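S.K.: Positions -17 to 60 (the numbering used here) are the ones given, in order, by the sequence shown.
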Amino acid sequence: MNKVSQHKIEAEGIPKNVSKTDRFALKKDPKRCPVCTAKIEKIGKGIRYQNKCNACNAVLAKDIKCSRCNTNRVWRGS
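#1: Buried or exposed: where does ALA43 fall if 16 or more other Cβ atoms within 10 Å of its Cβ makes it buried?
#2: Quick check on ALA7: does DSSP put it in helix, strand or coil?
#3: Just to confirm, is the Cβ distance from LYS21 to LYS27 under 8 Å?
#4: Taking the beta carbon of ALA7 as the centre, do at least 16 other beta carbons fall within 10 Å, making it buried, or is it exposed?
#5: Determine the burial state of CYS35: buried for a count of at least 16 other Cβ atoms within 10 Å of its Cβ, exposed for fewer.
Put into structure tokens, the structure is as follows:
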């Protein structure tokens, strides 16, 4: 296997069919608010995350189902 220099790799760049970053990655992160992407604090014992965002006051609406994935993980912003 041939060794390739770092400069050559950077010059070629990333192929067009590969995404550099997932632009929705912060919204999918369970540690962040999907509405404003601020960090969500943990509850008292520090095991689970809260069902509300202190930055934008968005809450997890457990009574609404997502039409795409059929789960109760829909956030409602205020």
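All residues carry an ideal CB built from backbone N, CA and C; glycine is no exception. None of the values given here were measured: they were computed from a predicted structure.
M.R.: In terms of the structure at hand:
#1: exposed
#2: When DSSP states are grouped into helix, strand and coil, ALA7 belongs to the helix group.
#3: no
#4: exposed
#5: buried
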